[in-house]
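In what follows, a single structure is set out as structure tokens and then discussed.
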Amino acid sequence: MQFALPPRRNVNAPLYGRSSRLSLQRRKQLKAVAILGFALVAIYFLLSQLFYSSTGTPTAPAGTSSLVIVTVLDRARWSADYIQKITKNREEYAKQHGYTNFFANISDYETTLESAPRSWGVVPAVRHAMAAHPYSKHFFYLDAHALIMNPSKSLESHLLEKSRLDSLMLKDVPVVPPDSIIKTFSHLQPQDVDLILSTDGESLSSGSFVIKQGEFAQTFLDIWFDPLYRSYNFAKAETHALDHILQWHPTILARLALVSQRTINAYSKDSSGAGVDGNYKDGDLVIRFFGCDTDTKRNCEKEMEPYYRLWSKRLKND
Amino acid sequence: MNLLPDTPVNSKSPPMSLSRSPSPHPAGGGWSSPGLTTGSGSSTPHSGFLSPNPLGPSGISWAAAKAKSDEVRGYPSFSTRNNGFFSRSKRRISATLPSFRVSSRSPNGYIDKDDFGRGRPFSSGGGWRSCGFGRTMLRRRRLRLLITLILVVVGYLYFWTSFLERYRRSSFGGGSKFVIILESNVEGGVMELKGAREWAVERNSIRNKQEYARQWGYELEVVNTLAKKRYSHEWRESWEKVDIIRETMRKYPHAEWFWWVDLNTWIVESSYSLQDHIFNRLGEISYRDINVYNPLNISHPPTGAYLDDVSRSPVGDGDPSSIQMVLSQDCSGFSLGSFFMRRSVWSERLLDIWWDPVMYEQKHMEWEHKEQDALEYLYTNEPWIRSHVGFLPQRYINSYPPGACGDGGDPDIHFVEGAGDFMVNLAGCSFGRDCWSELWEYRRITQEMNRPWRERVEDKATGLYEKFFGRQDNTPQS
Numbered sequence: 001m002q003f004a005l006p007p008r009r010n011v012n013a014p015l016y017g018r019s020s021r022l023s024l025q026r027r028k029q030l031k032a033v034a035i036l037g038f039a040l041v042a043i044y045f046l047l048s049q050l051f052y053s054s055t056g057t058p059t060a061p062a063g064t065s066s067l068v069i070v071t072v073l074d075r076a077r078w079s080a081d082y083i084q085k086i087t088k089n090r091e092e093y094a095k096q097h098g099y100t101n102f103f104a105n106i107s108d109y110e111t112t113l114e115s116a117p118r119s120w121g122v123v124p125a126v127r128h129a130m131a132a133h134p135y136s137k138h139f140f141y142l143d144a145h146a147l148i149m150n151p152s153k154s155l156e157s158h159l160l161e162k163s164r165l166d167s168l169m170l171k172d173v174p175v176v177p178p179d180s181i182i183k184t185f186s187h188l189q190p191q192d193v194d195l196i197l198s199t200d201g202e203s204l205s206s207g208s209f210v211i212k213q214g215e216f217a218q219t220f221l222d223i224w225f226d227p228l229y230r231s232y233n234f235a236k237a238e239t240h241a242l243d244h245i246l247q248w249h250p251t252i253l254a255r256l257a258l259v260s261q262r263t264i265n266a267y268s269k270d271s272s273g274a275g276v277d278g279n280y281k282d283g284d285l286v287i288r289f290f291g292c293d294t295d296t297k298r299n300c301e302k303e304m305e306p307y308y309r310l311w312s313k314r315l316k317n318d
Numbered sequence: 001m002n003l004l005p006d007t008p009v010n011s012k013s014p015p016m017s018l019s020r021s022p023s024p025h026p027a028g029g030g031w032s033s034p035g036l037t038t039g040s041g042s043s044t045p046h047s048g049f050l051s052p053n054p055l056g057p058s059g060i061s062w063a064a065a066k067a068k069s070d071e072v073r074g075y076p077s078f079s080t081r082n083n084g085f086f087s088r089s090k091r092r093i094s095a096t097l098p099s100f101r102v103s104s105r106s107p108n109g110y111i112d113k114d115d116f117g118r119g120r121p122f123s124s125g126g127g128w129r130s131c132g133f134g135r136t137m138l139r140r141r142r143l144r145l146l147i148t149l150i151l152v153v154v155g156y157l158y159f160w161t162s163f164l165e166r167y168r169r170s171s172f173g174g175g176s177k178f179v180i181i182l183e184s185n186v187e188g189g190v191m192e193l194k195g196a197r198e199w200a201v202e203r204n205s206i207r208n209k210q211e212y213a214r215q216w217g218y219e220l221e222v223v224n225t226l227a228k229k230r231y232s233h234e235w236r237e238s239w240e241k242v243d244i245i246r247e248t249m250r251k252y253p254h255a256e257w258f259w260w261v262d263l264n265t266w267i268v269e270s271s272y273s274l275q276d277h278i279f280n281r282l283g284e285i286s287y288r289d290i291n292v293y294n295p296l297n298i299s300h301p302p303t304g305a306y307l308d309d310v311s312r313s314p315v316g317d318g319d320p321s322s323i324q325m326v327l328s329q330d331c332s333g334f335s336l337g338s339f340f341m342r343r344s345v346w347s348e349r350l351l352d353i354w355w356d357p358v359m360y361e362q363k364h365m366e367w368e369h370k371e372q373d374a375l376e377y378l379y380t381n382e383p384w385i386r387s388h389v390g391f392l393p394q395r396y397i398n399s400y401p402p403g404a405c406g407d408g409g410d411p412d413i414h415f416v417e418g419a420g421d422f423m424v425n426l427a428g429c430s431f432g433r434d435c436w437s438e439l440w441e442y443r444r445i446t447q448e449m450n451r452p453w454r455e456r457v458e459d460k461a462t463g464l465y466e467k468f469f470g471r472q473d474n475t476p477q478s
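Sequences listed follow chains A and B, in order.
Heads up, the first sequence is in the UniProt record's numbering, so the first residue is 1 and it goes up one at a time.
Heads up, the second sequence is in the UniProt record's numbering, so the first residue is 1 and it goes up one at a time.
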């Protein structure tokens, strides 16, 4: 039917003329529509960005401290006086720098631990602290048989600040002393660090470490706490499990910063097994009475007493 | 809109020659007949378009021969054959029909002749008649419109598929976000003798995935799981899977989802894209609370008071975007014959922890299914894994044939013909069952389902005809 119409060219000429006239009239209208459309798109984009950022990162409620100190206490076996000294030491430090303390009871985890040594309690305790303080960033686990001797040092300036950590990190050294073939990564950057550990003379030390809240922490702690590790009869329980994990699993090792022992983990002179230059010297952040609870010849309370007195004298002077 | 004026022209042609929509190309006598019939279309050579094929019906044996030689040349170099753009497009250009026809016809040497014997009653005679019709059309002024129409139709038939595939492969289409990892050459024939049937299974299965990957623009990585010496230690055998996934992730740095597929599988519904079938609606179809279907009786969610809220929630954080691994469960637990892993820090860590000497030393007698048992163990005992695993009802990605998990008929497990099952996994077919005959059966079902619409209409018409006039046994051959 359409083929019966006159040739196209005749139809086209007037069409063109009309359309050009129209565009002249409509130019302003089109411009307005274009500007309006652009504005709408821009507003939508801005709003979506705004809402995205507000929902994307949960903001911490006011008063959340950035760092939590985790200590596991055995209220059933230790004297109240000893426990009071331990808590007071940590609370004073927390007060000075605005940290929070998390005192866990080993009895809470006994059903979970089943027949595994109680020293495994450190792992659920740190996970527990993270669940209780979901907005805090760093968690400093310190063994109960230890004192913070230099409370004026904040953990940020002493350890966590990027430049400070960068200078403290030991790169390309054996993970497990003295001669593990697995070495810490030489190209590690401080912003990639989620876990800060130190070694003593024999192995990685699970008595004092800093871990950053996040997916890595959950992964690492869950792996560490795996029932098959707990039932394996590692000679040094959770400490050897830690050695094992870091030597066999590079995704964990990639997040580890190893620091020298005295940075967070100085041993008292009575403790055996300190690494090279690992014994406490005046001015170190912490002192640990490593092994005082397992060695029957030693007594933790007695060993701690002189250092506790020294610490409280300093506290009064400040 | 432009095409509207042409309709009268088109509607005039059918009484003249064919009931289909042929295009009376002046020189295309040979092309117009076999090019549009279903049998030869898939393997019509490029030159068939330009010059009439003098062989006529005997071109069929040529197609079969070509298909055979394709296999011979194709198999050893399957990973490199689609390299050049031109060689890729040439194949596509020559394929007028949707790609699954290729898979359904050519990969197997056993049946080509039988299949063609099935006989579509079209001869090459119609082509010459339409040529005469075209000559009369030449005299008219509508020629230009007609040629445009022809070009559009030809362009559609010849280039649309290749255009679509190129689009899907591009960054807009999103196809390159998916990598299919297909296990092949299982144990390299070291443990068992590899006979003709094993080779046939392998060839067909690989071809099936190649076609699927090409159609949707996915990457296909056919991996050689021959029994390497480094895995031959009793504690390490079959851990190759983990290493392979890691290597593949490294090889395709821009892909997001990696789909592990066992060799003894068959994609039935190649018309499903992974995006539409699974990932665009992952939140709706997957379940994270394993209590929905829990053959292993894993207590869920974890109850430790020291765990955070997300770990203790039965559904993790409930956001589908946090699912990093998608798998299905069969009657006895996790099934790793077909599962997806997303590239993420999480999956890197899982692949790292999956094999651990201390765990395996204690369990290697118990963990008969090796990495599958290990994953079940890790899922049960380490909460960080649970909150990122999503399960799909089995038949979405992993239907079983009768013989696996019972003798069939379980609507949660077994393949149902015509119900739209995506893929069938012939789990355990090498233990007392016949992999090749099972694969053959699902291949037949696929062919049946993926007939082009012309054949469907024809079959329906034949069915109706037979219903009314009784069955006629002598189908015309040419």
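Don't be surprised by glycine CBs; every beta carbon is placed ideally from N, CA and C.
Values in this document were obtained by computation on a predicted structure and should not be read as measured data.
Presumed contact (8 Å Cβ cut-off) between Tyr-306 (chain B) and Pro-124 (chain A), rounded CB distance: With 8 Å as the limit, Tyr-306 (chain B) and Pro-124 (chain A) qualify as a contact, their Cβ atoms being about 4 Å apart.
Is the distance from the Cβ of Tyr-400 (chain B) to the Cβ of Phe-415 (chain B) below 8 Å? Yes; because the gap between Cβ atoms is below 8 Å, this pair is in contact.
I'd like to know if Arg-166 (chain B) contacts chain D, where contact means its C-beta is closer than 8 Å to some C-beta of that chain. No chain D appears in the structure shown, which is made up of the protein chains A and B.
Residues of chain B with a CB under 7 Å from the CB of Met-130 (chain A): which are they? Chain-ordered, the chain B residues with CB closer than 7 Å to the CB of Met-130 (chain A) read Asp-308.
Which partner residues of His-414 (chain B) appear in the DSSP bridge assignment? DSSP output for His-414 (chain B) lists B:Tyr-400 as bridge partner(s).
Exposed or buried, what is Asn-224 (chain B) when buried is set at 16 or more other beta-carbons lying within 10 Å of its beta-carbon? Exposed, since its Cβ has fewer than 16 Cβ neighbours within 10 Å.
Where do the N-terminal and C-terminal ends of the alpha helix (DSSP H) with Lys-85 (chain A) fall, by residue? Counting along the chain, the alpha helix (DSSP H) containing Lys-85 (chain A) begins and ends at 80 to 97.
Under 8 Å, Cβ to Cβ, is there at least one residue of chain B near Glu-202 (chain A)? Interface with chain B (8 Å Cβ-Cβ cutoff): Glu-202 (chain A) is excluded.
Can you confirm whether the region 387 to 400 of chain B touches the region 323 to 341 of chain B when touching is taken to mean that 3 or more C-beta pairs between the two stretches lie within less than 8 Å? Yes, they touch.
Counting only Cβ pairs nearer than 9 Å, list the residues of chain A close to Met-359 (chain B). Neighbourhood of Met-359 (chain B) in chain A, by CB distance below 9 Å: Asp-226, Leu-228, Tyr-229, Tyr-232, in chain order.
Close-in-space but distant-in-sequence residues of the same chain around Glu-417 (chain B) (CB under 7 Å, 5 per side omitted): For Glu-417 (chain B), the CB contacts under 7 Å within the same chain, skipping 5 residues up- and downstream, are Ile-445 in chain order.
For a test of the three-state rule: what should DSSP assign to Met-341 (chain B), helix, strand or coil? DSSP places Met-341 (chain B) in strand when its eight states are reduced to three.
Got a sec: is the Cβ-Cβ distance from Tyr-135 (chain A) to anything in chain B below 8 Å? Not one chain B Cβ lies under 8 Å of Tyr-135 (chain A).
Kindly indicate which three-state DSSP category Thr-96 (chain B) falls into: helix, strand or coil? Bear in mind that a pLDDT of 46 at Thr-96 (chain B), under 50, signals an unreliable position, so the number given afterwards is only what the model happens to contain. In this structure, Thr-96 (chain B) counts as coil in the three-state DSSP scheme.
Put residue 357 (chain A) into one of helix, strand or coil per three-state DSSP. Here chain A covers residues 1 to 318 and nothing more, so residue 357 (chain A) does not appear.
I'd like to know if Asp-108 (chain A) contacts chain B, where contact means its C-beta is closer than 8 Å to some C-beta of that chain. It does: the Cβ of Asp-108 (chain A) has a partner Cβ on chain B nearer than 8 Å.
First and last residue of the uninterrupted beta strand (DSSP E) at Tyr-141 (chain A): First-last of the beta strand (DSSP E) with Tyr-141 (chain A): 138 to 142.
Is any beta-carbon of chain B found at less than 8 Å from that of Arg-127 (chain A)? Taking Cβ atoms only, chain B reaches closer than 8 Å to Arg-127 (chain A), which makes this a yes.
Quick one, which of B:Gln-210, B:Leu-151, B:Gln-215 has its alpha-carbon nearest Ser-170 (chain B)'s? Shortest Cα-Cα distance from Ser-170 (chain B) to any of B:Gln-210, B:Leu-151, B:Gln-215 involves B:Gln-215.
Taking the beta carbon of Asp-459 (chain B) as the centre, do at least 16 other beta carbons fall within 10 Å, making it buried, or is it exposed? Under this definition Asp-459 (chain B) is an exposed residue.
When you compare only the Cα positions, how much space is there between Pro-250 (chain A) and Glu-361 (chain B)? C-alpha of Pro-250 (chain A) to C-alpha of Glu-361 (chain B): approximately 20 Å in a straight line.
Assign Phe-468 (chain B) to one of two classes, buried (16 or more other C-beta atoms within 10 Å of its C-beta) or exposed (fewer than that). Exposed, since its Cβ has fewer than 16 Cβ neighbours within 10 Å.
The region 215 to 224 of chain A in contact with the region 148 to 156 of chain A per 3-pair CB rule at 8 Å: Between the region 215 to 224 of chain A and the region 148 to 156 of chain A there are fewer than three inter-stretch CB-CB distances shorter than 8 Å, so the stretches are not counted as touching.
Return the Cβ separation of Ser-167 (chain A) and Thr-64 (chain A) in integer angstroms, given the expectation that the two are a contact with Cβ distance under 8 Å. That belief does not hold up - the Cβ atoms of Ser-167 (chain A) and Thr-64 (chain A) are roughly 28 Å apart, past 8 Å.
Smallest Cα separation from Pro-227 (chain A): which of A:Pro-61, A:Pro-117, A:Gly-283, A:Leu-197? The residue with the shortest Cα to Cα distance from Pro-227 (chain A) is A:Pro-117.
Can you find a C-beta in chain B that's less than 8 Å from the C-beta of Thr-251 (chain A)? Yes, contact with chain B.
Please check the pair Asp-308 (chain B) and Pro-134 (chain A), which I expect to be a contact at CB under 8 Å, by giving their CB distance rounded to whole angstroms. With 8 Å as the limit, Asp-308 (chain B) and Pro-134 (chain A) qualify as a contact, their Cβ atoms being about 7 Å apart.
Tell me where the beta strand (DSSP E) around Val-122 (chain A) begins and ends. For Val-122 (chain A), there is no enclosing beta strand (DSSP E); the enclosing alpha helix (DSSP H) has its first and last residue at 122 to 132.
Would you mind giving the Cβ-Cβ distance between Ile-181 (chain A) and Tyr-93 (chain A), rounded to the nearest angstrom? I have them listed as a contact below 8 Å. Actually they are not in contact, since the Cβ atoms of Ile-181 (chain A) and Tyr-93 (chain A) sit about 38 Å apart, beyond 8 Å.
One or two residues paired with Phe-258 (chain B) in a DSSP bridge: BP columns for Phe-258 (chain B) point to B:Val-179, B:Met-341.
Smallest Cα separation from Leu-197 (chain A): which of A:Ile-252, A:Ser-231, A:Ala-144? Checked all of A:Ile-252, A:Ser-231, A:Ala-144; the closest Cα to Leu-197 (chain A) is A:Ile-252.
For Tyr-232 (chain A), does the three-state DSSP call read helix, strand or coil? Correct three-state label for Tyr-232 (chain A): coil.
Would you report the Cα separation of Lys-28 (chain A) and Ala-34 (chain A), rounded to the nearest angstrom? C-alpha separation (whole angstroms): 10 Å.
Exposure of Met-365 (chain B), with buried meaning 16 or more beta-carbon neighbours within 10 Å: In this structure Met-365 (chain B) is exposed. Its beta-carbon is surrounded by fewer than 16 other beta-carbon atoms within 10 angstroms.
Closest by C-alpha distance to Leu-256 (chain A), when choosing among A:Ser-272, A:Asp-295, A:Asn-265, A:Leu-195: When only C-alpha atoms are compared, the closest one is A:Leu-195.
Collapsed DSSP secondary structure at Trp-266 (chain B) in the structure displayed: Shown here, Trp-266 (chain B) sits in a strand according to DSSP, grouped into three states.
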